[in-house]
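In this note's numbering, the protein residues as written are 116 to 289.
Using N, Cα and C, we set each Cβ at its ideal position, and we do this for glycine too.
No experiment lies behind these values; they were computed from the predicted model shown.
To start, the structure itself, in structure tokens.
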């Protein structure tokens, strides 16, 4: 059996809570049970579990494009309680769209001898797709869960899924 990793992308207060700065909308809340089911499945299989956590300093240049969000150490950057990490699971802060940029993700996956990566979370057309692209460029087999991803914009969500499958070669799982 291949060594697998589940990356739970940005299931954070600022994106998933209706009071969050960049609330993804009800579609973000609707995927919570599907992400929870994936967590249960991957925990039972002893997969590597990584919670990717958008985390920014107050002067981050990303705030030139988006409202300030997911400030380091603040509630907005925290994983929603319904999906709380268990001891031994990794919480990986990131400052850019891809979970690889400026993080230790590459060495974490290499050290665990991961061969296939499962992606879920938000936002499909931003962080999920950019991370998928970087995984594919590193020759990982990538599985993206359609019912466990969401976006601010349904058209962008659908485009990102189509691109990840048709262009990048990721497997879409319903």
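#1: Taking residue 129 as the reference, give the member of 234, 122, 144 and 118 with the closest Cα.
#2: Which residue's Cα is closest to the Cα of residue 238: 224, 126, 159 and 194?
#3: With a 10 Å radius around its C-beta and 16 neighbouring C-beta atoms as the bar for buried, classify residue 246 as buried or exposed.
#4: How far does the alpha helix (DSSP H) with residue 143 in it reach, from first residue to last?
#5: Can you tell me whether residue 153 is buried or exposed? The criterion is at least 16 other CB atoms within 10 Å of its CB, across all chains shown.
#6: In this structure, how does DSSP classify residue 126 when only helix, strand and coil are distinguished?
#7: Looking at the secondary structure, which residues open and close the alpha helix (DSSP H) in which residue 226 lies?
To lay it out plainly:
#1: 144
#2: 126
#3: buried
#4: Its alpha helix (DSSP H) spans residues 141-145.
#5: buried
#6: coil
#7: 220-226
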